[in-house]
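Below is one structure, written out as structure tokens, with a few remarks after it.
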Amino acid sequence: MKNILVTGGTGYIGSHTVVELINAGYNPIIVDNLSNSKIQVLDRIKTITGVDVKFYKLDCTKYDEFEEVFKNEKIDAVIHFAGLKAVGESCQKPLLYYENNVGSAIVLLNLMKKYDVKNVIFSSSATVYGEPKSVPFYEYFEVNHATNPYGETKIMIERIMQDFTKVNKGFKAILLRYFNPIGAHKSGLIGEEPVGIPNNLMPYITQVAIGKLEYLRVFGNDYDTVDGTGVRDYIHVVDLALGHVASLAKFSNDFSWIAYNLGTGKGTSVLELVNAFEKANNIKIPYKIVERRPGDIAISYANADKAKKDLGWSTKYNIIDCCKDSWNFQNKNPDGIK
Ligand code: NAD
Ligand code: WQD
Numbered sequence: 001m002k003n004i005l006v007t008g009g010t011g012y013i014g015s016h017t018v019v020e021l022i023n024a025g026y027n028p029i030i031v032d033n034l035s036n037s038k039i040q041v042l043d044r045i046k047t048i049t050g051v052d053v054k055f056y057k058l059d060c061t062k063y064d065e066f067e068e069v070f071k072n073e074k075i076d077a078v079i080h081f082a083g084l085k086a087v088g089e090s091c092q093k094p095l096l097y098y099e100n101n102v103g104s105a106i107v108l109l110n111l112m113k114k115y116d117v118k119n120v121i122f123s124s125s126a127t128v129y130g131e132p133k134s135v136p137f138y139e140y141f142e143v144n145h146a147t148n149p150y151g152e153t154k155i156m157i158e159r160i161m162q163d164f165t166k167v168n169k170g171f172k173a174i175l176l177r178y179f180n181p182i183g184a185h186k187s188g189l190i191g192e193e194p195v196g197i198p199n200n201l202m203p204y205i206t207q208v209a210i211g212k213l214e215y216l217r218v219f220g221n222d223y224d225t226v227d228g229t230g231v232r233d234y235i236h237v238v239d240l241a242l243g244h245v246a247s248l249a250k251f252s253n254d255f256s257w258i259a260y261n262l263g264t265g266k267g268t269s270v271l272e273l274v275n276a277f278e279k280a281n282n283i284k285i286p287y288k289i290v291e292r293r294p295g296d297i298a299i300s301y302a303n304a305d306k307a308k309k310d311l312g313w314s315t316k317y318n319i320i321d322c323c324k325d326s327w328n329f330q331n332k333n334p335d336g337i338k
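So the sequence shown is numbered by my numbering: it starts at 1 and just counts up by one.
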């Protein structure tokens, strides 16, 4: 196993995974339509790794364009990151999300079948668990309802991959359910670049820290949690990237599909994250408590034992590392990657 096709490879998690694939001796090939990332990411990856990664600018929903890659390259496995991920936007534009996310997965599987590429890792999400009755979340929990169309696309793609691999002998899918990725590569050269005002907590905090936003709005302090604010399992993006590298070895086993939680197994509240950021970077983050955000759940964190046992993977970075690295990226790129 050597050549890894990485769809969405110039995006936040994809770019970090490409770096770790190179570090581990793989040969990644990137496909991205640059709808939510920049071409300059390729230069940054080269600065970090010394490698000029092969890149195809194309839309994975377009069968003919995407087929060129399968014709030109010998591919051993695919890591499928390409997708739209804004929860709020998915409620406003559900068809766009179903078309782009579900559509690209179906095109990908058809091409994998035609060109006999048997191994795929899919970027799923803790959102597939909806609102379970207890924490931590285990892989065996029911996956039935998400709270928004974005989450529904993840559930649908998981099902499609399961149905496909069950009847196509030798094809294997690893469904990685990410918890909340934050942080950035130590170099500060790649990281998360939200368009417009961030929806997610960490990029909002870093934009308050750099003075682009005045204060953080904390969405509710009356949840049944340690301090009343929402609790999440924040995972360093480099740990997450390494989870993909560890998963590739699993393809030597016999299975059709398997799901793993990628999280730290620890919950952190909004105010705990704010405090950690302040301590790590010596910067004050002003905040105001406001109404709960519709659709939010109180607590989400992983049981990550299955990934540890099966893949020999667990997280190395703590919440302070995450806060330092998120700030380092924001600070070094105040106006984004150029
Ligand atoms: P991202 O937006 O930074 O990266 C996704 C990349 O896919 C972008 O570079 C975008 O240009 C590309 N893309 C989108 N649609 C495409 C298409 N049709 N054809 C080709 N390229 C396309 O997002 P990310 O945070 O790196 O997330 C990567 C994957 O992980 C996504 O599938 C996302 O849903 C999933 N995920 C993300 C999180 C998170 O919090 N960031 C959590 C769970 C799961
Ligand atoms: C974290 C906590 C908020 C912003 C989302 C998607 C999920 C996944 C990751 C892809 C919550 C609170 C947030 C702010 C706040 N993406 N918060 N003020 O909602 O856990 O997950 O991103 O799969 O599908 O739903 O992450 O970072 O938005 O919120 O108080 O300005 O921070 O209420 O408790 P979330 P988040």
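Heads up, the beta-carbon is just placed ideally off N, CA and C, and yes, glycines get one too.
Pairing residue 32 with residue 9 gives a Cβ-Cβ distance under 8 Å. Residue 1 counts as exposed, since fewer than 16 other beta carbons sit within 10 angstroms of its beta carbon. Taking all protein chains shown into account, residue 159 has fewer than 16 neighbouring C-beta atoms within 10 Å of its C-beta and is therefore exposed. At the C-beta level, residue 239 and residue 138 stay beyond 8 Å of one another. Remark: three or more beta-carbon pairs, one from each stretch, lie closer than 8 Å, so the segment 114-134 and the segment 143-156 are flagged as touching. Within the same chain, Cβ atoms closer than 7 Å to the Cβ of residue 334 are found at 210, the five residues on either side in sequence being excluded. Taking a 10 Å sphere around the C-beta of residue 129, we find 16 or more other C-beta atoms and assign the residue as buried. Bounds of the beta strand (DSSP E) holding residue 55 are 54-57.
Ranked by Cα distance from residue 256, the options 119, 70, 231, 142 are led by 119. Annotation for residue 325 indicates a beta carbon at 7 Å or more from all heavy atoms of ligand 1.
Here residue 313 carries a coil assignment [DSSP, helix/strand/coil].
Straight-line measurement puts the Cα of residue 82 at about 20 Å from the Cα of residue 71. With respect to the 8 Å criterion, residue 3 and residue 52 are not classified as neighbours on the basis of their beta carbons. For residue 10, no beta strand (DSSP E) segment is defined, and its DSSP state is neither H nor E. In this structure, ligand 1 has no non-hydrogen atom nearer than 7 Å to the beta-carbon of residue 43. For the pair residue 245 and residue 174, the Cα-to-Cα distance works out to about 12 Å. Taking C-beta atoms as the reference points, residue 228 and residue 222 count as a pair closer than 8 Å. Secondary structure remark: continuous alpha helix (DSSP H) runs of at least 4 residues inside the segment 203-258, in chain order: 237-248.
Between the beta-carbon of residue 108 and that of residue 78 there is about 7 Å, and that keeps the pair under the 8 Å contact cut. For residue 77, the enclosing beta strand (DSSP E) has its first and last residue at 77-80. Look at the beta carbons and you see the segment 179-195 touching the segment 318-325: at least three pairs across the two are nearer than 8 Å.
If you look at residue 122, you'll find it in the beta strand (DSSP E) that goes 119-125. Put simply, the backbone Cα of residue 277 is about 40 Å away from that of residue 162.
Fewer than three beta-carbon pairs drawn from the segment 185-200 and the segment 247-254 are found closer than 8 Å, and the two stretches are therefore not classed as touching. Nearest to residue 140 by C-alpha distance, out of 291, 237, 258, 205, is 258. The beta carbon of residue 191 lies closer than 6 Å to those of 184, 329 in the same chain, with the five residues before and after it left out.
Take the alpha-carbon of residue 29 and the one of residue 50: they are about 15 Å apart. Annotated three-state conformation of residue 164 is helix, per DSSP.
As the crow flies, the alpha-carbon of residue 63 is around 16 Å from that of residue 117.
Classified as buried, residue 172 has 16 or more neighbouring CB atoms from the shown chains inside 10 Å of its CB. With a beta-carbon spacing of about 18 Å, residue 298 and residue 261 fall beyond the 8 Å limit used to define contacts.
Here the alpha carbon of residue 284 sits roughly 43 Å from the alpha carbon of residue 105. Burial check for residue 113: the Cβ neighbour count within 10 Å stays below 16, so the residue is exposed. DSSP places residue 44 in the uninterrupted alpha helix (DSSP H) bounded by 41-49.
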